[in-house]
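The block underneath contains the structure these notes are about, expressed in structure tokens.
Residue numbers (the numbering used here): -4 to 211.
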């Protein structure tokens, strides 16, 4: 994203007066969710503030937690350490077995490959797709994409002040008993970062150089 475009995004968000993800009149987060649903070909999107949060949401959304085993995609050392910290053990998928593939797919976007996001998402086959946007340069940011309503609902509740909490935080009455995890984390994404990611994704692809002055 060019500096001029970034300045426009920053000005728009900061002058809106909405800079926290728990404010009901925020428009940046829903806008990014709609764009990711369109590009990623999934019905539901959960926005989070880090790569590990997306991995956690993908596992938690499927009810995979401490003491469970799961087939994992290719992960780096830090990601594997985090999964181990969650208490989830990697299951070995034997060749020729009828067991399904990994519990989730993982994509990492950068300015170089962001234009191929749609194709990469279409090739992913796991029930949950974790997408890391940190490489775009706006700070830690990620999302979970899925077509499974239950995975989405559980992943949303993993974030502190999730969708149901905004409606029940004053009464302290649970909207859907049994859905909330034992511990919730502050995984919510900033509207400012969401706006920058949305602008960057909308600009991917070849650009025609602009020429000014002189004669051709």
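Where a beta carbon is used, it is the ideal one built from N, C-alpha and C, also for glycine.
What would DSSP say about residue i, mapped onto helix, strand or coil?
i	result
residue 103	strand
residue 197	helix
residue 33	helix
residue 85	strand
residue 180	strand
residue 119	coil
residue 109	helix
residue 187	helix
residue -4	Below a pLDDT of 50, predicted positions are generally treated as unreliable, and residue -4, at 47, falls in that range; the measurement from the model is reported next regardless. It is coil, neither helix nor strand.
residue 77	helix
residue 131	helix
residue 70	coil
residue 97	coil
residue 59	coil
residue 174	coil
residue 23	helix
In angstroms with no decimal places, state the Cα-to-Cα distance between residue i and residue j.
i	j	result
residue 105	residue 128	7 Å
residue 53	residue 110	24 Å
residue 133	residue 188	6 Å
residue 199	residue 148	30 Å
residue 185	residue 136	9 Å
residue 119	residue 21	30 Å
residue 31	residue 140	8 Å
residue 88	residue 123	18 Å
residue 155	residue 45	14 Å
residue 174	residue 144	12 Å
residue 195	residue 59	33 Å
residue 107	residue 131	9 Å
residue 179	residue 56	13 Å
residue 36	residue 42	16 Å
residue 201	residue 48	Because residue 201 carries a pLDDT of 47, less than 50, the predicted location of this residue cannot be relied on, and the following value inherits that uncertainty. Distance between the alpha carbons of residue 201 and residue 48: 31 Å.
residue 71	residue 29	29 Å
residue 86	residue 69	13 Å
residue 24	residue 117	23 Å
residue 102	residue 121	12 Å
For the alpha helix (DSSP H) containing residue i, list its first residue and its last residue.
i	result
residue 47	46 to 56
residue 148	144 to 153
Can you tell me where the beta strand (DSSP E) holding residue i begins and where it ends?
i	result
residue 140	137 to 141
residue 127	123 to 127
residue 42	39 to 43
At a threshold of 8 Å, does residue i count as lining the ligand SAM (C-beta to nearest heavy atom)?
i	result
residue 73	The model on display carries no ligand, and the ligand SAM is accordingly not part of it.
Per DSSP, residue i is paired with what?
i	result
residue 64	84
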